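Q:
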Amino acid sequence: MSARGKDEDGGSALLEFEDHGLLPLLFGEHDQNLYRLEQQLDVSLASRGNHLQILGGEDAVKRAAAALRALYDRLVKGLEVGSGEVDAAVRMVNGAAPGRCGPEDANAIHDQDLAIVTRKRSISPRSPGQAVYVEALRRNEIVFGIGPAGTGKTYLAVAHAVSLFIKGEIERIILSRPAVEAGERLGFLPGDLLEKVDPYLRPLYDALHDMLPGDQVASRIADGIIEVAPLAFMRGRTLSNAFVILDEAQNTSPVQMKMFLTRLGENSRMAVTGDLTQIDLPKGQPSGLLEASRIIGGMKEVAVVNFSEADVVRHALVARIVQAYSAHETRGRKVAQEAERRREDGDA
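Using the working numbering, you'd call the opening residue of the sequence shown number 2 and step up by one each time.
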């Protein structure tokens with residue numbers, strides 16, 4: 002069963018759905034899913050029986066039709082459709098940049114080939130960048146995931162690691178972060194080093210608990226099968242038969258990054274994630290993430306996936322916040338460049 006386009010002409014389309022019983026789930030309570038699509042894609046939707054008419058600009062109508070077909074097909078497969086899935090379908094159909102998923106690839110939101118299966122849930126890409134990232138994690142030994150907060154870089158890496166562990170393809174999961182303060186000082190925190198850095202590692206624990214039952218997380222950490230440790234603890238080790246994740250990698254120095262990457266052992270993989278707009282290193286110190294992605298990014302079995310604001314999968318307001326800061330920083334750079342140009346002209 003599927004949704005068919007009976008008529009598509011310019012700025013209108015008429016979709017026909019074979020299974021009437023799925024339409025309440027597709028439309029959402031009080032048609033909230035349709036309203037969400039209207040607001041985000043700038044179209045008008047009107048239902049009558051098992052037909053749904055789409056009105057709007059030609060491109061917007063095509064995107065809305067692709068999103069609705071993908072969401073309907075998701076219901077046919079027995080998967081749920083809520084606000085998160087609607088937003089994911091919109092991101093997919095809007096991801097028409099060269100080399101990224103376009104409207105025809107909206108079905109990635111329920112593509113079983115891209116789904117990551119863990120003990121507690123099955124996770125599918127929710128943006129074009131995430132689809133590219135999941136594919137990169139499967140095909141490469143080292144993957145750099147670079148982009149703004151909320152794009153799922155670390156979450157998907159943890160999910161992929163757990164999936165590989167469940168299938169017996171790796172024996173250990175190692176999660177790490179550099180202990181760099183974001184405006185705070187570790188020395189003033191109570192406890193030993195592990196207790197001091199534990200708050201920095203908490204997001205990694207949270208991701209693990211989303212993938213595995215709590216008792217399994219605790220027992221595997223106790224057994225050393227899952228290790229969550231600051232980056233400094235990686236020095237001098239060779240990490241074999243493991244999936245190793247370095248989070249917040251923008252806060253590594255070039256020396257630290259080289260040290261980490263050279264820990265790679267037999268039958269191991271690495272995911273290195275970070276946001277180059279959130280560097281907390283001392284002023285003037287280069288980021289190891291930026292340098293490494295440039296030096297080894299073109300090597301075989303190494304992939305660099307750059308996320309954008311369009312890949313933010315948190316609350317819609319988070320995406321707008323990221324976009325606003327990006328625009329502010331762009332304006333600031335232009336002002337600085339213009340000031341520098343005028344200074345040089347004056348010197349001349």
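For each residue, glycine too, the CB sits at the ideal point set by N, CA and C. Since the model is a prediction, treat every value here as computed from it, not as a measurement.
Below 8 angstroms on the Cβ atoms is my guess for Met271 versus Ala293; work out the distance and round it to an integer in Å.
A: Contact doesn't hold; Cβ gap of about 11 angstroms is too wide.
Q: Could you give the C-beta distance for Ile246 and Ser177, rounded to a whole number, given that I count them as a contact under 8 angstroms?
A: Yes, Ile246 and Ser177 are in contact; Cβ-Cβ is about 7 angstroms, under 8 angstroms.
Q: Return yes when the Cβ of Leu46 is within less than 8 angstroms of the Cβ of Leu38, no when it is not.
A: Against a cut-off of 8 angstroms, the Cβ pair of Leu46 and Leu38 comes out as a contact.
Q: Going by DSSP, which residues form a beta bridge with Ile55?
A: According to DSSP, Ile55 bridges with Ala14 and Leu46.
Q: Determine the burial state of Glu310: buried for a count of at least 16 other Cβ atoms within 10 Å of its Cβ, exposed for fewer.
A: Result: buried.
Q: Give me whichever residues DSSP pairs with Leu72 in a beta bridge.
A: None; Leu72 has no bridge partner.
Q: Can you give the Cα-Cα distance for Gly153 and Arg344, rounded to whole angstroms?
A: When rounded, the distance between both Cα atoms is 42 angstroms.
Q: Over what stretch of residues does the alpha helix (DSSP H) that includes Val218 continue unbroken?
A: Unbroken alpha helix (DSSP H) run through Val218: Gly215 to Asp224.
Q: Quick check: Gly274 and Ala158, are their CB atoms within less than 8 angstroms of each other?
A: Note on identity: in this sequence residue 274 is Thr, with Gly being the wrong assignment. Yes; because the gap between Cβ atoms is below 8 angstroms, this pair is in contact.
Q: Tell me the DSSP secondary structure of Asn252 in three-state form.
A: Of the three classes helix, strand and coil, the one that applies to Asn252 here is helix, per DSSP.
Q: Measuring only the C-alpha atoms, how far is Asp281 from Glu142?
A: Cα-Cα distance, rounded: 27 angstroms.
Q: Pick helix, strand or coil for Gly29, following the three-state DSSP scheme.
A: Coil.
Q: Ala243 by DSSP, collapsed to three states: which one?
A: If DSSP states are grouped into helix, strand and coil, Ala243 belongs with the strands.
Q: By Cβ distance, which residues of its chain are closer than 7 angstroms to Leu76, with the 5 residues on each side in sequence left out?
A: Excluding residues within five positions, the ones whose Cβ falls inside 7 angstroms are Leu23, Leu26, Leu27 and Val82.
Q: What residue from Ala89, Ser48 and Leu35 has the CA that sits closest to Asp312's CA?
A: The shortest Cα separation from Asp312 among Ala89, Ser48 and Leu35 belongs to Ala89.
Q: Would you please state the rounded distance, in angstroms, between the beta carbons of Arg64 and Leu42? I believe it to be under 8 angstroms.
A: That pair is a contact at about 6 angstroms.
Q: Which of helix, strand or coil does DSSP assign to Ala98?
A: With a pLDDT of only 46 at Ala98, under 50, the local geometry of the prediction cannot be trusted, and the value read off the model is given with reservation. Three-state result, Ala98: coil.
Q: Using DSSP bridges, identify the partner residues of Thr274.
A: Gly146.
Q: Grab me the residues of Glu182's own chain with a C-beta within less than 8 angstroms of its C-beta, minus the 5 sequence neighbours each way, in chain order.
A: With a pLDDT of 47 at Glu182, under the threshold of 50, the predicted position of this residue should be treated as unreliable, though the coordinate-derived value follows. Result list for Glu182: Asp281, in chain order.
Q: Expressed to the nearest angstrom, what Euclidean distance is found between the alpha-carbon atoms of Arg120 and Leu213?
A: About 5 angstroms.
Q: Could you give the first and the last residue of the continuous alpha helix (DSSP H) run that contains Ser177?
A: No alpha helix (DSSP H) contains Ser177, which is instead part of the beta strand (DSSP E) from Arg173 to Arg178.
Q: What are the boundary residues of the alpha helix (DSSP H) that Ala160 is part of?
A: Its alpha helix (DSSP H) spans residues Lys154 to Ile167.
Q: Would you mind sorting Ser220 into buried or exposed? The rule is 16 or more other CB atoms within 10 Å of its CB.
A: Ser220 should be labelled exposed.
Q: For Gly184, count the other beta carbons within 10 Å of its own beta carbon; 16 or more makes it buried, fewer makes it exposed. Which is it?
A: Unreliable placement is indicated for Gly184, whose pLDDT of 39 sits below 50; no coordinate value is reported for it.
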